[in-house]
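Numbers given in our numbering equal positions in the sequence shown, counted from 1, plus 124. Working notes, beginning with the structure itself.
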Amino acid sequence: MTEIYVDITQYINNRLNTGIQRVVKEYISREIRQKKLLYVLYYDESKNNFFQISKEELILFLDNVSSYEFKNILEIDIFKKSINKKIFFDIDSIWNSPLKRTEFYKKLKENNFFIYNFIYDLIPILFPHFMYESTINNFKPYIEAIFKYSDFVFFDSNSAMQDFCKIQKKSKFYRKIRKEVIYLGSNFNTFNNLSLENKSLKYENILSKKYLLFVGTFEPRKNQKLMLDAFDELYKNNTDLCLVYIGKIGWNVENILNKINNHKLKNKNLFHLQDVDDKNLKYFYKNAYIVSYLSHYEGYGLPVVESLKYGNITITSNNSSIPEVGGNYVEYIENNSKDQIISIVSKYLKNNDLYNQKKCYIKSNFKARNWDIFYGKVNDYLI
Numbered sequence: 125m126t127e128i129y130v131d132i133t134q135y136i137n138n139r140l141n142t143g144i145q146r147v148v149k150e151y152i153s154r155e156i157r158q159k160k161l162l163y164v165l166y167y168d169e170s171k172n173n174f175f176q177i178s179k180e181e182l183i184l185f186l187d188n189v190s191s192y193e194f195k196n197i198l199e200i201d202i203f204k205k206s207i208n209k210k211i212f213f214d215i216d217s218i219w220n221s222p223l224k225r226t227e228f229y230k231k232l233k234e235n236n237f238f239i240y241n242f243i244y245d246l247i248p249i250l251f252p253h254f255m256y257e258s259t260i261n262n263f264k265p266y267i268e269a270i271f272k273y274s275d276f277v278f279f280d281s282n283s284a285m286q287d288f289c290k291i292q293k294k295s296k297f298y299r300k301i302r303k304e305v306i307y308l309g310s311n312f313n314t315f316n317n318l319s320l321e322n323k324s325l326k327y328e329n330i331l332s333k334k335y336l337l338f339v340g341t342f343e344p345r346k347n348q349k350l351m352l353d354a355f356d357e358l359y360k361n362n363t364d365l366c367l368v369y370i371g372k373i374g375w376n377v378e379n380i381l382n383k384i385n386n387h388k389l390k391n392k393n394l395f396h397l398q399d400v401d402d403k404n405l406k407y408f409y410k411n412a413y414i415v416s417y418l419s420h421y422e423g424y425g426l427p428v429v430e431s432l433k434y435g436n437i438t439i440t441s442n443n444s445s446i447p448e449v450g451g452n453y454v455e456y457i458e459n460n461s462k463d464q465i466i467s468i469v470s471k472y473l474k475n476n477d478l479y480n481q482k483k484c485y486i487k488s489n490f491k492a493r494n495w496d497i498f499y500g501k502v503n504d505y506l507i
């Protein structure tokens, strides 16, 4: 048999539920249902050791990521001798982990582990001005550790894989590493039987409005300000139109947050929600008039495929991996053009038949990717 070790320290510390954390959640939630030798780990820096999280507590945590408190996690020696094949699978955002991978990967290899990684993007290297300084400083050694020790690397897009290969070549790490692109899913996983309809009542007032939706953590790369600038212009002639942001507060976004919080339409036609769970996020997608996602660069662009899954007209930037995942189903803008956003939204506001035709085309033709398929493809290589 194969023993699989997954470190979710950053997921637990950050308590986010989008982006990379979405992938970790969807993978773990399926893996724990299998009869496998799975060890889900938390690294305690003060004790310089890993602790194993039980299946029962994982289920509770994944259903209440923001506030669940672990009650019984047990210290584990991952280097204990075993006759089984051992894979350490880094799928979380572990470059910021207190356990630095350069020396840790070396020790894993000395103890006969296979090392598997999932890389989502190379933003800290390609676009460092969009990142925390600590992330920039941590990411490069992490990538170099992968160049030196990893046995297998998954990517969420061909765009991300090509970026990785270019950086590897430039860094003069010529060691051959097995690679595979596996696209992410777009459906949401839930763990209890609580009625989604009842859960949606919390936001019933907003869900009944005609709103533009933008999902993503607030950070400079996501370009939320551009959508607000476009909305301000659109509202002048469309006073029933709303803009809803869903996303945690990241870094270096004081200006856009001040603009939102002091906006005359705040909590009337302009909303910022931070703690929307999967059960409610589904309803925001289902009821959106138009969805936007205007990121300067993406490794994949998960909100784009989540939006398309619900048949939404989606306005997005024409860069990086977005054309790969959005195809001809999305409305692209070039060069961060506010005028193009206004033009796209306006044409649908003025022509309801055109709006319905576009949504019908998306619903009839877009093939939503499923997390079960994602899990199955990853699992095929973890043997």
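By construction, the Cβ of each residue, glycine as well, lies at the ideal position given by its N, Cα and C atoms. These figures come from a predicted structure and were not determined experimentally.
Per DSSP, what kind of secondary structure is residue i in: helix, strand or coil?
| i | result |
| --- | --- |
| His253 | helix |
| Gln176 | strand |
| Thr440 | strand |
| Asn236 | coil |
| Asn452 | coil |
| Tyr327 | helix |
| Phe263 | helix |
| Ile457 | strand |
| Thr133 | helix |
| Thr226 | helix |
| Ala492 | coil |
| Val469 | helix |
| Phe185 | helix |
| Asn382 | helix |
| Leu320 | Any answer about Leu320 is weak, because its pLDDT of 45 lies below 50 and its placement is not dependable; what the coordinates show is given next. Of the three classes helix, strand and coil, the one that applies to Leu320 here is helix, per DSSP. |
| Ser295 | helix |
| Asn141 | coil |
I'd like to know if residue i contacts chain D, where contact means its C-beta is closer than 9 Å to some C-beta of that chain.
| i | result |
| --- | --- |
| Asn208 | Among the chains in the structure shown there is no chain D, since it carries only a single protein chain. |
Nearest to residue i by alpha carbon, out of the options?
| i | options | result |
| --- | --- | --- |
| His420 | Ile211, Asn460 and Gly450 | Asn460 |
| Met125 | Lys210, Ile183, Lys403 and Ile373 | Lys210 |
| Phe174 | Tyr163, Glu181 and Glu180 | Tyr163 |
| Glu227 | Ser190, Pro265 and Ser191 | Pro265 |
| Leu381 | Thr341, Lys410 and Tyr359 | Thr341 |
| Asn379 | Asp353, Val368 and Asp364 | Asp353 |
| Asn208 | Ser281, Glu193, Asn236 and Phe263 | Asn236 |
| Lys334 | Asn386, Arg146, Lys392 and Ile384 | Lys392 |
| Ile373 | Gln176, Thr133 and Arg345 | Arg345 |
| Gly425 | Tyr413, Ile414 and Ile439 | Ile439 |
| Phe213 | Lys233, Asp356, Asp477 and Lys294 | Lys233 |
| Ser274 | Tyr298, Ser258 and Thr259 | Tyr298 |
| Ile301 | Asp287, Asp402 and Lys272 | Lys272 |
Among all the DSSP beta bridges, which residues are the ones paired with residue i?
| i | result |
| --- | --- |
| Cys366 | Tyr335 |
| Ser221 | For Ser221, which the question treats as bridged, DSSP gives no partner whatsoever. |
| Leu162 | Ile128 |
| His387 | His387 is not bridged to any residue. |
| Glu519 | Here the chain comprises residues numbered 125 to 507, so residue 519 is not present and cannot be evaluated. |
| Phe242 | Phe278 |
| Tyr167 | Phe174 |
| Phe342 | Ile373 |
| Glu199 | Phe175 |
Taking residue i as part of the beta strand (DSSP E), name the residues at either end of that continuous run.
| i | result |
| --- | --- |
| Leu277 | Leu is not the amino acid found at residue 277; the sequence shown has Val there. Unbroken beta strand (DSSP E) run through Val277: Phe276 to Phe279. |
| Ile414 | Ile414 to Tyr417 |
| Asp214 | Lys209 to Asp214 |
| Phe498 | Per DSSP, Phe498 belongs to no beta strand (DSSP E); it is in the alpha helix (DSSP H), Trp495 to Tyr505. |
| Phe395 | Leu394 to Leu397 |
Going by DSSP, what residue range makes up the alpha helix (DSSP H) through residue i?
| i | result |
| --- | --- |
| Lys482 | Asn476 to Asn489 |
| Leu352 | Gln348 to Tyr359 |
| Leu432 | Leu426 to Lys433 |
| Ser153 | Ile144 to Glu155 |
| Leu405 | Asp402 to Asn411 |
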